[in-house]
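**Q** Here it is, the structure in full.
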Amino acid sequence: TLMLVVRRALCSRSTTQTLARHISGGRMQDAKTEEEMFEIFSEDNVQSLGLEKRSVVHKTGLFHRSVHVLIHNKKGDVLLQQRSSTKDVCPGLWDLSCGEHLKPHESYQDGAARGIAEELSIHLPASSLIQVRPAAIQRVHIPEKQIIDNEYTEFFEATIDDPSVVQIDPVEVQAIRWLPLADLPDLLASDPASFTPWGLSDL
């Protein structure tokens, strides 16, 4: 179990952002508020308990599912993304290549393939993504923003031939950078405050 208590200096903003997002691309939303809907699960991640609004899930600590993806190129570099400055959690911090909440009834692998397509314009068959870690609970607690985030997250990796295909969705991603894998430990050690807590954990 990974418990991450996120301090104000790391992941807060001076102004509160709404958790409701106007997102196209087929995300499940509440018709009245246009707020994203999450499928919630029992504490052991076995039984589906229905759907709930994103804001409720993150305020009350309901268990839900997500994926993390790390993209490599043929040179051995890894792709890092800087989260959009409009994100409600950890805006502007560096992260893995992609992090994505699952849509209702979506598999982890399908969610990973959808996430890299939507955020980075990387279109790969879901079957080509390699599972690095099965679903594990990750907990992020941000007291000053009243966020209690309990996610069962699977971690995938994939390799692309042509890095030039990457195009970011500016709603989700502020910037990207390719970094030699061998340089990653030194970067994380020298500037951990610039990374998301889950990025530090998985990278």
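When we follow this note's numbering, the leftmost residue of the sequence shown carries the number -11, and every step to the right adds one.
The beta-carbon is built from N, C-alpha and C at its ideal position, and this holds for glycine as well.
As the structure is a prediction and not an experimental result, all values here were calculated from the model.
State the DSSP-derived secondary structure class of G187, mapped to helix, strand or coil.
**A** What you label residue 187 is simply residue 199 of the sequence shown in a count that begins at 1. Correct three-state label for G187: helix.
**Q** What three-state label does DSSP hand T48 in the structure shown?
**A** Residue mapping note: residue 48 aligns to position 60 of the sequence shown, counting from 1. The answer is helix: DSSP assigns T48 an H, G or I state.
**Q** Taking buried to mean at least 16 other C-beta atoms within 10 Å of its own C-beta, is Q69 buried or exposed?
**A** Walking along the sequence shown from the start, residue 69 turns up at place 81. Buried, since its Cβ has 16 or more Cβ neighbours within 10 Å.
**Q** How many angstroms separate the CA atom of L169 from the CA atom of E145?
**A** As a first step, residue 169 must be located in the sequence shown, where it is residue number 181. As a first step, residue 145 must be located in the sequence shown, where it is residue number 157. So the alpha carbons of these two residues sit roughly 13 Å apart.
**Q** Starting from S178, trace the alpha helix (DSSP H) in both directions and tell me its first and last residue.
**A** As a working mapping, residue 178 is identified with position 190 in the sequence shown. Judged by DSSP secondary structure, S178 falls within the alpha helix (DSSP H) whose first and last residues are L172 to S178.
**Q** In terms of alpha-carbon separation, which member of S152, V44, G87 and E107 lies closest to P185?
**A** Against the sequence shown, residue 185 aligns to sequence position 197. If we check each option's Cα against that of P185, G87 comes out closest.
**Q** What alpha helix (DSSP H) runs, 4 residues minimum, are completely inside the region 93 to 178?
**A** 96 to 108 and 172 to 178
**Q** Output the distance between the C-alpha atoms of H52 and V128, rounded to the nearest integer angstrom.
**A** Residue numbering aside, residue 52 sits at position 64 when the sequence shown is read from its first letter. Residue numbering aside, residue 128 sits at position 140 when the sequence shown is read from its first letter. Their Cα atoms are separated by approximately 13 Å.
**Q** Return helix, strand or coil for S43, following the three-state DSSP convention.
**A** Against the sequence shown, residue 43 aligns to sequence position 55. Of the three classes helix, strand and coil, the one that applies to S43 here is helix, per DSSP.
**Q** Mind reading off the beta-carbon distance from L50 to N138? Whole number of angstroms is fine, and I expect it under 8 Å.
**A** Taking the first residue of the sequence shown as 1, we reach residue 50 at position 62. Taking the first residue of the sequence shown as 1, we reach residue 138 at position 150. With 8 Å as the limit, L50 and N138 qualify as a contact, their Cβ atoms being about 7 Å apart.
**Q** Would you say E101 and P113 are within 9 Å of each other, going by their C-beta atoms?
**A** As a working mapping, residue 101 is identified with position 113 in the sequence shown. As a working mapping, residue 113 is identified with position 125 in the sequence shown. Contrary to the premise, residue 101 reads as Ala rather than Glu in this sequence. For A101 and P113, yes; Cβs fall inside 9 Å.
**Q** Taking 7 Å as the limit between beta carbons, can you name the residues of its chain near Q120, skipping five residues before and five after?
**A** As a position in the sequence shown, residue 120 is number 132, starting the count at 1. Per the sequence presented here, residue 120 reads as Val, with Gln not at that position. F143, F144 and E145, listed in sequence order.
**Q** So, helix, strand or coil for S182, using DSSP?
**A** For the purposes of this step, residue 182 is identified with residue 194 of the sequence shown, where counting begins at 1. DSSP places S182 in helix when its eight states are reduced to three.
**Q** Considering just the uninterrupted stretch of the beta strand (DSSP E) at E88, what are its terminal residues?
**A** Taking the sequence shown and counting its residues from 1, the one referred to as residue 88 is at position 100. C86 to H89 is the extent of the beta strand (DSSP E) around E88.
**Q** Looking at V154 and L108, is the spacing between their C-beta atoms short of 9 Å?
**A** Translated into positions along the sequence shown, residue 108 becomes position 120. Translated into positions along the sequence shown, residue 154 becomes position 166. Contact: yes.
**Q** By a C-beta neighbour count over all protein chains shown, 10 Å radius and 16 as the cutoff for buried, is R165 buried or exposed?
**A** Locating residue 165 in the sequence shown gives position 177, where the first residue counts as 1. Label assigned to R165: exposed.
**Q** Using alpha carbons as the reference points, say which of I118, K47 and A181 lies closest to Y96.
**A** In the sequence shown, residue 96 corresponds to position 108, counting from 1. Here the closest residue by C-alpha is I118.
**Q** Between D174 and L37, what straight-line distance do the alpha-carbon atoms span, to the nearest angstrom?
**A** Walking along the sequence shown from the start, residue 174 turns up at place 186. Walking along the sequence shown from the start, residue 37 turns up at place 49. Each residue's alpha carbon lies about 42 Å from the other.
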